[in-house]
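Presented below is the structure to which this report refers.
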Amino acid sequence: MTAIDFRGVFPAMCTPFHQDGSIDFETLRQDAQRLESAGVDGLVPVGSTGESATLSHDEHIEVVEAVIDAVDDVPVIAGSGSNNTKEALELSRRSADAGADALLLISPYYNKPEQQGFIDHYTTLADAVDLPQIVYNVPSRTGQNIEPETAVELASHPNIRAYKAASGDMNQISEIIERTRDEDFAVLSGDDGMTLPMLSVGGTGCISVSANIEPERTCAMVGAALSGDFERARQIHHELGPLFRAMFVETNPIPVKEAMRIRGYGPAYLRSPLTRLSDEHLDHLRDVLATLETEDLEDEYAEAER
Numbered sequence: 067m068t069a070i071d072f073r074g075v076f077p078a079m080c081t082p083f084h085q086d087g088s089i090d091f092e093t094l095r096q097d098a099q100r101l102e103s104a105g106v107d108g109l110v111p112v113g114s115t116g117e118s119a120t121l122s123h124d125e126h127i128e129v130v131e132a133v134i135d136a137v138d139d140v141p142v143i144a145g146s147g148s149n150n151t152k153e154a155l156e157l158s159r160r161s162a163d164a165g166a167d168a169l170l171l172i173s174p175y176y177n178k179p180e181q182q183g184f185i186d187h188y189t190t191l192a193d194a195v196d197l198p199q200i201v202y203n204v205p206s207r208t209g210q211n212i213e214p215e216t217a218v219e220l221a222s223h224p225n226i227r228a229y230k231a232a233s234g235d236m237n238q239i240s241e242i243i244e245r246t247r248d249e250d251f252a253v254l255s256g257d258d259g260m261t262l263p264m265l266s267v268g269g270t271g272c273i274s275v276s277a278n279i280e281p282e283r284t285c286a287m288v289g290a291a292l293s294g295d296f297e298r299a300r301q302i303h304h305e306l307g308p309l310f311r312a313m314f315v316e317t318n319p320i321p322v323k324e325a326m327r328i329r330g331y332g333p334a335y336l337r338s339p340l341t342r343l344s345d346e347h348l349d350h351l352r353d354v355l356a357t358l359e360t361e362d363l364e365d366e367y368a369e370a371e372r
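Adding 66 to a residue's 1-based position in the sequence shown gives its number in my numbering.
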């Protein structure tokens, strides 16, 4: 099995589209290289932020392959989950064959399985595909919560190496971290605004939407927290707070794709049924991005003065 360190910042990448809805592979490769150059610890294509729900299976694998080919030295964690085990298994096997270093597996959505169903689903995938796998809990999208007892049981499987927490419940997340401390098991934030609180109780990093826009700052925040410099980490957390909130004023990835367009990183086109960011939120997003750019210039000036 591939060795991978689930510590640090792993941007949940967007999938750029042309206006006709086809995938913009040139921009995708450039974006992967931009993020690698910024110092991220890995890349996560074709997750929720990558609009995986609107990609065909072939497109899904083509995106994974394009990201792998574009980067030199960072692991690629392919989103390969589905609402049914057979389809998730097919996507996971194909992602492994394409060269993915690890897999991110959203819990089955819409079906609303019971906890034993989660155990059976994830165990089937972990038994069949010899790659490190991340269990992804996001009840707001899937309709069902993976309970701590279930997460702890899954952590004992040698191929299930991490848990992406996006439940919004710090008590639950803290319990999972507490009960898996003796396992080779990482807990990653799936909610940018909760990354620092999670790191403070033993989380190891984040699979981040905002890191698409501010990868260097996000890496600095997480790195400071992991090294114990929580004063510096808090400072950056508060600098990024307006961006964290702006990224979720509408359904992800609507705001982040608009931010990518404003920054010149890629087009804002989405596949239906998602729509472009509404005018009522657009001016605020521009203001947030402009403030961050101003702070960047001020930091550079202060560093030069020193």
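Just so you know, even glycine gets a beta-carbon here, dropped at the ideal spot from N, CA and C. What you are looking at is a predicted structure, and each value in this text was computed from that prediction instead of being measured.
Residue i, DSSP secondary structure in three states
i: L121; result: coil
i: G330; result: coil
i: Y229; result: strand
i: G307; result: helix
i: I279; result: coil
i: A69; result: coil
i: R300; result: helix
i: V267; result: coil
i: V218; result: helix
i: V204; result: coil
i: V130; result: helix
i: P319; result: coil
i: G259; result: helix
i: T357; result: helix
i: T284; result: helix
Rounded C-alpha distance that separates residue i from residue j
i: D186; j: N225; result: 14 Å
i: P198; j: R159; result: 13 Å
i: V142; j: L348; result: 31 Å
i: P333; j: F251; result: 36 Å
i: E66; j: R298; result: The structure shown does not extend to residue 66, since the chain spans only 67 to 372, so no value can be given for it.
i: T317; j: G209; result: 16 Å
i: L171; j: A221; result: 14 Å
i: H84; j: E215; result: 44 Å
i: D258; j: G307; result: 9 Å
i: R73; j: R342; result: 33 Å
i: I243; j: D86; result: 44 Å
i: E324; j: A162; result: 31 Å
i: K152; j: I302; result: 42 Å
i: T93; j: R327; result: 11 Å
Strand pairing of residue i, partner residues [DSSP]
i: E291; result: The amino acid occupying residue 291 in the given sequence is Ala; Glu does not appear at that position. DSSP lists no partner for A291.
i: S274; result: P77
i: L169; result: A144 and Q199
i: F83; result: I89
i: L109; result: V142
N-terminal and C-terminal residue of the beta strand (DSSP E) that residue i is part of
i: P77; result: G74 to P77
i: L336; result: Neither: L336 is in no beta strand (DSSP E) and is coded neither H nor E.
i: S255; result: A252 to S255
Enclosing alpha helix (DSSP H) for residue i [first to last residue]
i: Q96; result: F91 to S103
i: N211; result: Counting along the chain, N211 falls outside any alpha helix (DSSP H), and DSSP gives it neither H nor E.
i: Q188; result: Here residue 188 turns out to be Tyr, not Gln, going by the sequence shown. Start and end: Q181 to A194.
i: A162; result: T151 to A164
i: S240; result: M236 to R245
Integer-rounded CB distance, given that residue j should sit under 8 Å from residue i
i: C272; j: L292; result: Going by Cβ atoms, the distance from C272 to L292 rounds to 11 Å, so no, they are not a contact pair.
i: R434; j: Y331; result: In the structure displayed, the chain extends from 67 to 372; residue 434 sits before or after that span and is not available.
i: T115; j: A166; result: Not really, about 17 Å apart at Cβ, beyond 8 Å.
Residue i beta carbon near the ligand COA (any heavy atom closer than 8 Å)
i: L358; result: Absent from the structure shown: the ligand COA. Ligands present: none.
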